[in-house]
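Structure, as structure tokens:
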Amino acid sequence: MSVLLNKQIEKIKRMLLAEGALVEQALQRATNSVEHRDTDLAKQVVEQDMQIDLMEIDVEEECLATLALHQPVAHDLRFIVSVLKINSELERIGDLASNVASQSLALAGLPPIDIGPFGLTEMAHQAQRMVKQSLDALVQVDVSLAEGVRAMDDMVDDKHREVYVIVEHCVRENIDQMPQLIRIQNTARQIERIADHAVNIAKDVIYLARGEIVRHRRARAQAAMR
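Numbering (my numbering), first residue to last: 531 to 756.
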């Protein structure tokens, strides 16, 4: 690797990790805003989303410039490709954190709901852990950490299904609290999607480490058996 390319890759890595730190912060604030009905935190997350969007553009432009100027190959090329994918996933997590914050603002403007619990906080904390671990896996290029993120996703999926069932039951019994229940269901859906994006980052780390594309692995295996 040339000295210039090495410096460029280190610069991109720092930019991506800075974006990841901001996304983690936004997700934590969004979770706390729901848990504590904190409108100030929720507003901070919504306002922060534009900053994350701008960082995503900067990272993408830096990656494209590196491809054009240095024409990386082998592991360096895989790194740039992985960063482009992870950059997009982080931006989507930022969008979803903003959506969670928006649901929190809406819930704060409604009477407190007197039914539940729904398990949103536990679900959100698990999604936070997944995002953090996926970024740790990236920093360390650690396949075992990345595989762990994929395993953690089952808990979020289970909680999402539980929330759906509870909300469906509560709607029939508490029609007067329909607006709150809809917001709770929407929040659970956003959190579940955040977890999915964390899994995608973990898969991109596996690609970076091994050169193996693990997305749709099951579908490819089934197709090969036909």
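We treat Cβ as the ideally placed atom computed from N, Cα and C, and that holds for glycine. Since the model is a prediction, treat every value here as computed from it, not as a measurement.
Simplified DSSP state of Gln-752, which is helix, strand or coil: No answer about Gln-752 holds up, because its pLDDT of 49 lies below 50 and its placement is not dependable.
Whole-angstrom distance between Thr-561 and Glu-540, CA atom to CA atom: Going by the C-alpha atoms only, they are around 31 Å apart.
DSSP-derived helix/strand/coil call for Val-603: In the structure shown, the three-state DSSP call for Val-603 is coil.
Boundaries of the alpha helix (DSSP H) in which Glu-742 is found, first to last residue: DSSP places Glu-742 in no alpha helix (DSSP H); its state is neither H nor E.
Assigned secondary structure, Asn-730 (DSSP; H/G/I helix, E/B strand, else coil): It is helical.
Proximity of Val-661 and Ser-563 at Cβ, strictly below 9 Å: Pairing Val-661 with Ser-563 gives a Cβ-Cβ distance that is not under 9 Å.
Backbone CA spacing between Gln-581 and Pro-602 [nearest angstrom]: Gln-581 and Pro-602 have their C-alpha atoms roughly 29 Å apart.
CB of His-727 within 9 Å of CB of Glu-619, strictly: Taking 9 Å as the Cβ cut-off, His-727 and Glu-619 qualify as a contacting pair.
Alpha carbon of Val-575 to alpha carbon of Gln-658, nearest angstrom: Straight-line measurement puts the Cα of Gln-658 at about 15 Å from the Cα of Val-575.
Where the alpha helix (DSSP H) through Asp-688 begins and ends: Taken as a continuous stretch (DSSP letters only), the alpha helix (DSSP H) holding Asp-688 covers 673–703.
Val-589, buried or exposed, once every other Cβ within 10 Å from all chains shown has been counted against 16: Taking all protein chains shown into account, Val-589 has 16 or more neighbouring C-beta atoms within 10 Å of its C-beta and is therefore buried.
Where Pro-709 falls: helix, strand or coil (DSSP): Residue state, collapsed to three classes: helix.
Burial state of Gln-578 (16 or more Cβ within 10 Å): The residue is buried, with at least 16 neighbouring Cβ atoms inside 10 Å.
Rounded straight-line distance, which links the Cα of Gln-633 to that of Gly-678: Distance between the alpha carbons of Gly-678 and Gln-633 is about 29 Å.
Other residues of its chain near Gln-663: CB distance less than 7 Å, five sequence neighbours each side excluded: Within the same chain, Gln-663 has close Cβ partners Leu-675, Gly-678, Val-679.
Coil, strand or helix - Ile-542 by DSSP: In the structure shown, Ile-542 sits in a helix (DSSP, three-state: H, G or I).
Complete alpha helix (DSSP H) runs within the segment 558–601 (minimum length 4 residues, chain order): 569–600, all fully within the segment 558–601.
Of the listed residues Met-685, His-600, Gln-538, nearest to Ile-721 (C-alpha basis): For Ile-721, the closest of Met-685, His-600, Gln-538 by C-alpha to C-alpha distance is Met-685.
Alpha-carbon to alpha-carbon, Arg-608 and Lys-733: Cα to Cα, the separation comes out at about 13 Å.
Beta-carbon separation (whole angstroms), Ile-736 vs Val-744, contact threshold 8 Å: Right, the Cβ-Cβ distance comes to about 5 Å (below 8 Å), so this counts as a contact.
As assigned by DSSP and simplified to three states, the class of Ser-618: Three-state result, Ser-618: helix.
Beta-carbon proximity of Ala-572 to Leu-640, cut-off 9 Å: Not closer than 9 Å, so no.
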